[in-house]
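Peer 1:
Residue numbers (the numbering used here), protein chains in the order written: chain A, 942 to 1261; chain B, 5 to 520.
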């Protein structure tokens, strides 16, 4: 009994040997050391991220507009009348909270991603909730961001239960170090967050091919809802994903962050959002430790690889 | 899980903090005689001294002279004598208690309390070897009687000092020696008697001194001061009872005076009689620390330690004294074990409330408020309220709920229900808000898990905060908080794995887990 309990734990030495990055070290040696607090608004405020991306030529979903004040909320239809579909997001949201996806609308009827139809009132109160800070970090007053709807590639539809699958790439000092695809499940309520029960599929930095997959910290081989073998996942245009992630490092001043990328049918990879505190579950999805990769990059002199292309080439050569 | 790569400066700061704490604690133990042990209830003797005399009709001044310190004890004098101005002065290592009154006549009574505070075993200083006594001057014609008496006590001059002293007392007590009647004619007791004895000893070059004191025992009520003869030999003074002439082993005898300065002096009155009654009381270690502390001249030291605050404020600090320890527990739970609670310090605050309500009653009330609050919050969700009004509504609901619990428990005869008001209202409201958010976003499972962790952290916090010994220790030795600060700083640099991560990342090191 006790033995089996003990065998559920790995020894610290074994984790060290596997190069696993723990939460304390991530916070202390990477986030605190490489991410200066004053640059956090660049990733925590989606409008700021978007403007920076626009300036740097990083493709993102098209911006429709923003609603900042309660009295503007009732006018949201004026904002969205020319867009076939749209997404409402809290400007300071995190973890996919408070995101409402409207695929199409006609008059007063709005069709959500899951096919259900809602009316003006529901959208109005959703905007009200966003403005009151329901979804923002620390409950601060927020604004509602309107983006164009992403027409995400059909190739992933078998691999995801509702929701948009996205690709998280962890970037350290401009080098893409680890990647995974996050697939929504029934358990995660259509959201692509690992801790809510989404499936994470580790992707090889070299070629974007699936490595291992994880759900709620346990290895899985099939998507729990669609039943598709996760090893059959193919990400097109892999190198463009890496380029996008590496360019994000140039546009924001954070040394360690996660770039969330979605694949649009027409526009290809688009930057969804950036995260200054990317989770560690990606290591389980990849069956590989982050720490050894980060330490390899730390051992390089800062001027070793001046260009993003060189950094990507280095990462592809060293990180599977 | 080793402490790896901690910042050197942080290690140094932590080391300095620990050294500082150790230094302060050492000072308290060695100089102030504080004790780690709370269970030892020290004995504290309080002796009441009552003086009766007849006043002559003019101004009265009375002075009681006590040593500041006697081996094993400090002496503290307090007095409430109506009609007299009382003051305590220190002079030449002695405490002078002075009563002053104007225009008194008739019988008067003065009193004071002398507290004998154990000094925590500070050793007695070694007695200095006295100089050989001077050749005594006898009143005319007495010298030959003295020489005759000595001859009859020790004809051959071969007795050792103790033998000589006891033989001398034997002779004096027998009283059939005519020399004794001459020498002690009107000097049967007190100082005059002892002076003759000392003169006799001085003729043999034996050093001695007179001591006046009291017996520190419950058995003797209203005792008058007793005189003792202290004879120096074998490197120390030996105390003899002048009445019986026996070598005193009375450990309870406390000498209050040696030498010429009188124990009590009176002007403006006559026929003064001193009576002492001793009373033994027990005192807590903390009380003893306080009394000992009052002997330290730098009273700002005591101010810092917190003893000099009014009692009510002190109690606040007693509560606060253990908070750092509880906070350290939270740090360990989060950064070493790696469990997420609902709100970082919520468990500590709830544990503080449990102190007032008691653990069981507190837990029941907490879960009750949480359950009803969550249901109320679920109703509010459907109303689509703005955030601040929504939380405010929860606050109001929680207040009403507390009131209801109080009233109900009162009606059913449970008095604990009243203490429910000690729950931190705003924290409760936020806990409800957070719990309902977690429920909505991550499901009820995640909420119950976080709640369980919070309560699991809360209960040890409660036991820490409620521990009397820890409270004594951390209140008396507040510098231990510096050690806690050092530990927290060190944990702040701990970059090793958390306990939960050993389980979480297990799949990364067990490649064979797929087959098993």
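Backbone N, C-alpha and C define an ideal beta-carbon position, used for all residues, glycine too.
(1) Can you give me the C-alpha to C-alpha distance between residue 170 of chain B and residue 249 of chain B, rounded to a whole angstrom?
(2) Please name the residues in the stretch 962-973 of chain A whose beta-carbon is closer than 7 Å to at least one beta-carbon of chain B, in chain order.
(3) Using the three-state DSSP reduction, which class does residue 957 of chain A fall into: helix, strand or coil?
(4) Flag residue 7 of chain B as yes if its beta-carbon sits less than 8 Å from any beta-carbon of chain A, otherwise no.
(5) Which residues in chain A have a C-beta closer than 8 Å to the C-beta of residue 448 of chain B? List them in chain order.
(6) Just the Cα atoms here: how many angstroms apart are residue 181 of chain B and residue 281 of chain B?
(7) Return the chain-ordered list of same chain residues with a C-beta closer than 6 Å to the C-beta of residue 126 of chain B, the five sequence neighbours on each side being excluded.
(8) Excluding the five sequence neighbours on either side, which residues of its own chain have a C-beta within less than 8 Å of the C-beta of residue 116 of chain B, listed in chain order?
(9) According to the Cβ coordinates, are residue 189 of chain B and residue 152 of chain B closer than 8 Å?
(10) Could you tell me whether any Cβ in chain B is nearer than 8 Å to the Cβ of residue 1075 of chain A?
(11) DSSP puts residue 1031 of chain A in a beta bridge; with which residues?
(12) Quick one: list the residues of chain B neighbouring residue 1004 of chain A, beta-carbon separation under 7 Å, in chain order.
(13) Would you check if the distance between the CB atom of residue 325 of chain B and the CB atom of residue 22 of chain B is smaller than 8 Å?
(14) Starting from residue 482 of chain B, trace the alpha helix (DSSP H) in both directions and tell me its first and last residue.
(15) Rounded to whole angstroms, what is the Cα-Cα separation between residue 79 of chain B and residue 133 of chain B?
(16) If distances are taken between C-alpha atoms only, which option among B/252, B/509 and B/497 comes closest to residue 970 of chain A?
(17) For residue 244 of chain B, which three-state DSSP category applies?
(18) Between residue 1213 of chain A and residue 1032 of chain A, what straight-line distance do the alpha-carbon atoms span, to the nearest angstrom?
(19) Please list, in chain order, all residues of the same chain as residue 1081 of chain A whose beta carbon is under 6 Å from its beta carbon, the five residues on each side excluded.
(20) Pick from A/1026, A/1038 and A/1006: whose alpha carbon is nearest that of residue 1020 of chain A?
(21) Straight-line CA distance for residue 137 of chain B to residue 30 of chain B?
(22) Taking residue 428 of chain B and residue 357 of chain B to be in contact with their CB atoms under 8 Å, please state how far apart those CB atoms are, rounded to whole angstroms.
(23) Please name the residue, chosen from B/227, B/206 and B/210, that lies closest to residue 216 of chain B on a Cα-to-Cα basis.
(24) Can you tell me which of B/510, B/27 and B/246 puts its alpha carbon nearest to the alpha carbon of residue 198 of chain B?
(25) Could you check the C-alpha separation between residue 1059 of chain A and residue 1224 of chain A for me, to the nearest Å?
(26) When burial is assigned at 16 or more other CB atoms within 10 Å of the CB, is residue 109 of chain B buried or exposed?
(27) Going straight from the alpha carbon of residue 312 of chain B to that of residue 477 of chain B, what length do you get?
(28) Is residue 13 of chain B helix, strand or coil by DSSP?
(29) Check whether chain A comes within 8 Å of residue 451 of chain B, counting only Cβ atoms and requiring the distance to be less than that.
(30) Report the neighbours of residue 1009 of chain A on chain B: residues whose CB is nearer than 8 Å to its CB, in chain order.
(31) List the residues of chain B whose Cβ lies closer than 7 Å to the Cβ of residue 1038 of chain A, in chain order.
(32) Going by Cα to Cα distance, which pick from A/1148, A/1160 and A/1118 is closest to residue 1135 of chain A?
(33) Flag this pair as yes or no: are the beta carbons of residue 468 of chain B and residue 335 of chain B separated by less than 8 Å?
(34) Quick one: list the residues of chain A neighbouring residue 398 of chain B, beta-carbon separation under 8 Å, in chain order.
(35) What residues from chain B crowd round residue 950 of chain A, counting only those whose CB sits closer than 7 Å?
(36) So, for residue 981 of chain A: in the same chain, excluding its five sequence neighbours on each side, which residues have a beta-carbon less than 6 Å away from its beta-carbon?
Peer 2: Working from what's here:
(1) In a straight line, the C-alpha of residue 170 of chain B is about 6 Å away from that of residue 249 of chain B.
(2) Of all residues in the stretch 962-973 of chain A, 963, 964, 965, 966, 969 and 970 have a Cβ within less than 7 Å of some Cβ in chain B.
(3) Helix at residue 957 of chain A.
(4) For residue 7 of chain B, the predicted model reports a pLDDT of 41, less than 50, meaning its position is unreliable and no value from the coordinates is stated.
(5) What residue 448 of chain B touches in chain A: nothing, since even the nearest Cβ is about 13 Å away.
(6) Within the model, the alpha-carbon separation for residue 181 of chain B versus residue 281 of chain B is close to 38 Å.
(7) Because the pLDDT of residue 126 of chain B is 49, which lies under 50, any placement of that residue in the model is unreliable, and the number read from its coordinates should be weighed accordingly. Once the five neighbours on either side are set aside, residue 126 of chain B has no close Cβ partner at all.
(8) Excluding residues within five positions, the ones whose Cβ falls inside 8 Å are 52, 53, 68, 81, 82, 83, 85, 90 and 101.
(9) Not a contact, by the Cβ cut-off of 8 Å.
(10) Interface residue, yes.
(11) DSSP output for residue 1031 of chain A lists A/1085 as bridge partner(s).
(12) Correct list: empty, because the minimum Cβ distance to chain B is about 26 Å.
(13) No, these two residues do not count as a Cβ contact at 8 Å.
(14) Per DSSP, residue 482 of chain B belongs to no alpha helix (DSSP H) and is neither H nor E.
(15) Spanning the two alpha carbons is a distance of roughly 26 Å.
(16) Taking each of B/252, B/509 and B/497 in turn and checking the Cα distance to residue 970 of chain A, the smallest one comes out for B/497.
(17) Correct three-state label for residue 244 of chain B: strand.
(18) When rounded, the distance between both Cα atoms is 12 Å.
(19) Cβ contact annotation for residue 1081 of chain A (same chain, cutoff 6 Å, sequence separation greater than five): 1074, in chain order.
(20) Of the candidates A/1026, A/1038 and A/1006, A/1006 places its Cα closest to the Cα of residue 1020 of chain A.
(21) When rounded, the distance between both Cα atoms is 44 Å.
(22) Contact holds; Cβ gap of about 6 Å.
(23) Checked all of B/227, B/206 and B/210; the closest Cα to residue 216 of chain B is B/227.
(24) Scanning B/510, B/27 and B/246 for the CA closest to the CA of residue 198 of chain B turns up B/246.
(25) Roughly 39 Å separates the two Cα atoms.
(26) Label assigned to residue 109 of chain B: exposed.
(27) In this predicted model, residue 312 of chain B has a pLDDT of only 49, less than 50, meaning its place in the structure is not dependable; the value taken from the coordinates is given anyway. Within the model, the alpha-carbon separation for residue 312 of chain B versus residue 477 of chain B is close to 17 Å.
(28) If DSSP states are grouped into helix, strand and coil, residue 13 of chain B belongs with the helices.
(29) Nearest CB-CB separation between residue 451 of chain B and chain A: not below the 8 Å threshold.
(30) Within 8 Å of the CB of residue 1009 of chain A, no CB atom of chain B is found; the nearest one sits about 15 Å away.
(31) Chain B residues near residue 1038 of chain A: 445.
(32) Residue A/1160 holds the alpha-carbon nearest to the alpha-carbon of residue 1135 of chain A among A/1148, A/1160 and A/1118.
(33) The criterion of a C-beta distance shorter than 8 Å is not satisfied by residue 468 of chain B and residue 335 of chain B.
(34) Under the 8 Å cutoff, chain A gives no residues; its nearest Cβ is about 13 Å from residue 398 of chain B.
(35) Correct list: 506, 507 and 510.
(36) In chain order, 1217 place their CB closer than 6 Å to the CB of residue 981 of chain A, counting only its own chain and leaving out the 5 sequence neighbours on each side.
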